[in-house]
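Structure record follows, encoded as structure tokens.
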Amino acid sequence: MRLLLVTDAWTPQVNGVVRTLSMVAETLKRAGDSVTVISPDRFGSLAVPGEPGLRLALFPRRRLAAMVEEARPDAVHIATEGPLGWSMRGLCRQRGWRFTTAFHTRFPDYLAARFRVPLAWSWPVLRRFHAAASGTFVATESLHRELDAQGFGRLRHWSRGVDTALFQPGARDAFPGLPRPIFLHVGRVAVEKNIEAFLSLDLPGSKVVVGDGPARAGLQQRFPQAHFAGFRHGEALAAAYASADVMVFPSRTDTFGLVLLEALACGTPVAAFRQPGPLTVLGDAPVGAVDDDLQRACLAALTADRAACRARAEGFSWQACAAQFRAQLVSLRGELPAGLAAAG
Numbered sequence: 001m002r003l004l005l006v007t008d009a010w011t012p013q014v015n016g017v018v019r020t021l022s023m024v025a026e027t028l029k030r031a032g033d034s035v036t037v038i039s040p041d042r043f044g045s046l047a048v049p050g051e052p053g054l055r056l057a058l059f060p061r062r063r064l065a066a067m068v069e070e071a072r073p074d075a076v077h078i079a080t081e082g083p084l085g086w087s088m089r090g091l092c093r094q095r096g097w098r099f100t101t102a103f104h105t106r107f108p109d110y111l112a113a114r115f116r117v118p119l120a121w122s123w124p125v126l127r128r129f130h131a132a133a134s135g136t137f138v139a140t141e142s143l144h145r146e147l148d149a150q151g152f153g154r155l156r157h158w159s160r161g162v163d164t165a166l167f168q169p170g171a172r173d174a175f176p177g178l179p180r181p182i183f184l185h186v187g188r189v190a191v192e193k194n195i196e197a198f199l200s201l202d203l204p205g206s207k208v209v210v211g212d213g214p215a216r217a218g219l220q221q222r223f224p225q226a227h228f229a230g231f232r233h234g235e236a237l238a239a240a241y242a243s244a245d246v247m248v249f250p251s252r253t254d255t256f257g258l259v260l261l262e263a264l265a266c267g268t269p270v271a272a273f274r275q276p277g278p279l280t281v282l283g284d285a286p287v288g289a290v291d292d293d294l295q296r297a298c299l300a301a302l303t304a305d306r307a308a309c310r311a312r313a314e315g316f317s318w319q320a321c322a323a324q325f326r327a328q329l330v331s332l333r334g335e336l337p338a339g340l341a342a343a344g
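Numbering-wise (the UniProt record's numbering), the sequence shown opens with residue 1 and increments by one.
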């Protein structure tokens, strides 16, 4: 299969969407598929206000058409609802091509938190974007129900994966000298991640934030008792997870939360608000706590079984994630070649 993946989110951005797309692309390539990624780094781009690391392609339509011709795709997946996503959507509709999309982020909530855009304005725009697709991939059953209630159609389930070889229990010494218990948050430090809700809690021990972003300076000033460690990658990130007593996930806009799986794979329990992503990742396993009271969830998670956390994460793999993704792609006109889909 020749897959064309069009995304406004790609490296050097560091987030769950980029991680998921890059791992799926790598897995499909190893299985023999050809994957062409069209992302903002191939165009002139403009930084998102307040987000210098996030860049959006400028006027991509003309160059995009030439790139599509070169790729000669059997299937098209549009991962995001940015300028590239809208341009590829228009190109597919112009040519009568079928394509799939994905709902990675609750952009209405993101836009309301960041720019105070009313929800009544943004939901109709997203409905229109995804209505043209032959299928829209969602990560959880609860998100499926939510989008169905919002009038979205042709929804398809697509779970996530974790690298259990990299993320595994290990020495718990990444934060020497910090009083325990250590409550850890990992992710971009931005207003939509709701990190303030975590840092405002009255908790014993220490609070650590791994990551960076536009909200970091303000949060450091407001919460000087918290420890901001910046970005960590690879084994250093795995060590940070393994060294924490609880991974705290205060976001209300993420649709899944890949960092939750990474924490569990390192044996670290999760505390989160009662949201679709955490509810799906934790399930009924004794691996953390979800609660409308985040402080109560954090304290309850301290008693979770670290071995059970690891076992829960082992149920997710990138191979299964990629197979599920591939099995639900649609061809431009006919049938897709058999292959990895058979494993799904």
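From the three backbone atoms N, C-alpha and C, an ideal C-beta is built for every residue, glycine too.
Here T136 is near T100, since their CB atoms are less than 9 Å apart. Taking 3 residues as the shortest admissible run, the stretch 94 to 143 contains the following complete beta strand (DSSP E) segments, listed from N- to C-terminal end: 100 to 102 and 135 to 138. Looking at the DSSP output, L46 bridges to L56. Under DSSP, I78 takes part in a beta bridge, and its partners are V6 and T101.
S34 carries a strand assignment under DSSP once its states are collapsed to helix, strand and coil. For A301, the uninterrupted alpha helix (DSSP H) run begins and ends at L294 to A301, by DSSP. Here DSSP, grouped into helix, strand and coil, assigns M1 to coil. Here DSSP, grouped into helix, strand and coil, assigns L329 to coil. Contact between F325 and L261 is ruled out by a C-beta separation of about 16 Å, above the 8 Å threshold.
Distance from the Cα of R222 is smallest, within the candidate group L91, R188 and L199, for L199.
A residue is called buried once 16 or more other Cβ atoms fall within 10 Å of its Cβ, and A307, having fewer, is exposed. Nearest to E141 by alpha-carbon distance, out of H77, R312 and G283, is G283. Shown here for T105: same chain residues with a beta carbon closer than 8 Å to its own, the five before and five after excluded, namely V17, T253, D254 and T255 in chain order.
L119 and G153 have their alpha carbons spaced roughly 19 Å apart.
The C-beta separation of W86 from L332 comes to about 19 Å, leaving the pair out of contact by the 8 Å criterion. Pairing Q94 with A238, the inter-Cα distance amounts to about 45 Å.
The three-state reading of DSSP puts F183 in strand, counting E and B together. Straight through space, the alpha carbons of A31 and D109 are spaced by roughly 37 Å. Taking a cut-off of 8 Å on C-beta distances, the stretch 1 to 9 touches the stretch 33 to 42, as three or more cross pairs fall below it. In the structure shown, S87 adopts helical secondary structure according to DSSP, grouped into three states.
The alpha-carbon of D245 is positioned some 9 Å away from that of A301. Counting every other CB atom within 10 Å of its CB across the protein chains shown gives E70 a total below 16, marking it as exposed. Rounded to the nearest whole angstrom, the CA to CA distance from F183 to E192 is 20 Å. Secondary structure at S22: helix, using DSSP grouped into helix, strand and coil.
When the Cα atoms are used, R156 and E146 turn out to be separated by approximately 13 Å. Between A102 and H77, the C-beta gap is smaller than 9 Å, which places the two residues in contact.
Membership of R61 in the alpha helix (DSSP H) is indicated by the continuous run R61 to A71. Looking at the backbone, the Cα of V270 and that of V259 are separated by about 10 Å.
If you check the CB distance, P204 and P224 do not come in under 9 Å. Comparing alpha-carbon positions, the option among A215, V14 and V287 lying closest to T303 turns out to be V287. Here R160 carries a coil assignment [DSSP, helix/strand/coil]. Under the three-state reduction of DSSP output, L219 falls in the helix class. Residue C92 holds the alpha-carbon nearest to the alpha-carbon of F129 among G161, C92 and N194. Counting the other CB atoms within 10 Å of its CB gives P124 a total below 16, which places it among the exposed residues.
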